[in-house]
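Structure record follows, encoded as structure tokens.
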Amino acid sequence: PVGDGAALLKRRPDVRQAERHLAMSTAEIGVATGELYPDISIGASIGTTGLIENLGKPAANRWGFGPLLNWTIPSNGSRARIHQAEASAQAALARFDGVVLNAIRETQTGLAQYTALLDRRDALKEAEQSAKEAADQTHRFYQAGRASFLADLQATRTYTDVRAQMAEANTQVAMGQINLFLALGGGWEKDDVAQK
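Position 63 of the sequence shown, counting from 1, maps to 66 under my numbering, and the rest follow consecutively.
Structural data, given as structure tokens:
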């Protein structure tokens with residue numbers, strides 16, 4: 004995958020969860036601060052008063068309309084809730100930083116391991132080609148009577164061993180690629196197909 008490293012790391016579920024938790028903790032500061040200010044609303048009421056026989060007459064009807072003001076005078080409790088929300092946001096920020104650092108570490112480790120596995124597989128490709136050429140040449144020499152059967156058998160065995168190592172290296176490269184995709188959060192193929 005090619006792209007912005009931050010965008011790739013944002014794909015990770017642990018990073019997204021920590022980011023949402025940080026946003027929630029930051030929003031709680033605003034909620035706690037909002038408690039310091041008065042709450043103003045507009046209210047209205049309609050009703051009737053009086054005896055039942057006067058129902059519907061103008062003197063029995065009443066209505067009211069006006070602003071409502073609800074204000075808890077700022078106290079140490081309100082300010083303590085603000086400080087508590089700020090402390091919670093600081094803890095969420097520290098957790099977010101830790102999650103991001105862990106994601107970066109896992110990605111760097113995954114990249115280093117994947118690169119090493121690719122290098123090993125490339126070296127084994129060359130060794131496989133050399134072992135194949137040596138086995139073919141030794142077999143031709145054996146058929147011409149210039150090499151023993153044991154030498155032919157040993158060259159074939161070496162070639163078979165290198166091929167087995169190559170198969171194992173291919174498996175390790177596939178596993179390394181999976182681990183790297185997991186470290187990067189994966190999912191970009193699905194997004195790319197959805198955009199087309």
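Where a beta carbon is used, it is the ideal one built from N, C-alpha and C, also for glycine.
query                                                                                                                                                                                     : result
Applying the criterion that 16 or more other CB atoms from any shown protein chain within 10 Å of the CB defines a buried residue, is A83 buried or exposed?                              : exposed
Taking the C-alpha atoms as reference points, what is the distance between S81 and I45?                                                                                                   : 25 Å
Taking contact to mean at least 3 C-beta pairs separated by less than 8 Å, is the region 18-37 in contact with the region 63-75?                                                          : no
Taking DSSP as the reference, what is the three-state secondary structure of R143?                                                                                                        : helix
Is G8 buried or exposed, if buried means 16 or more other CB atoms sit within 10 Å of its CB?                                                                                             : exposed
Identify, in the order they occur along the chain, each residue of the same chain with its Cβ nearer than 6 Å to the Cβ of A106, setting aside the five sequence neighbours on each side. : L12, R15, V18
Does DSSP put K199 in a helix, a strand or coil?                                                                                                                                          : Note on K199: pLDDT 48, under 50, position unreliable in the model; the coordinate value appears next. Coil at K199, not helix or strand.
Just verifying my parser: in three-state terms, what is the DSSP assignment at S133?                                                                                                      : helix
The ligand GTP and L187: does any heavy atom of the ligand fall closer than 6 Å to the residue's C-beta?                                                                                  : With respect to the ligand GTP, the structure shown offers nothing to examine, as it has no ligands at all.
Express the C-alpha separation of Q146 and D195 in angstroms, rounding to a whole number.                                                                                                 : Residue placement at D195 is flagged as unreliable, the pLDDT there being 49, under the threshold of 50; the coordinate-derived value follows with that caveat. Roughly 56 Å separates the two Cα atoms.
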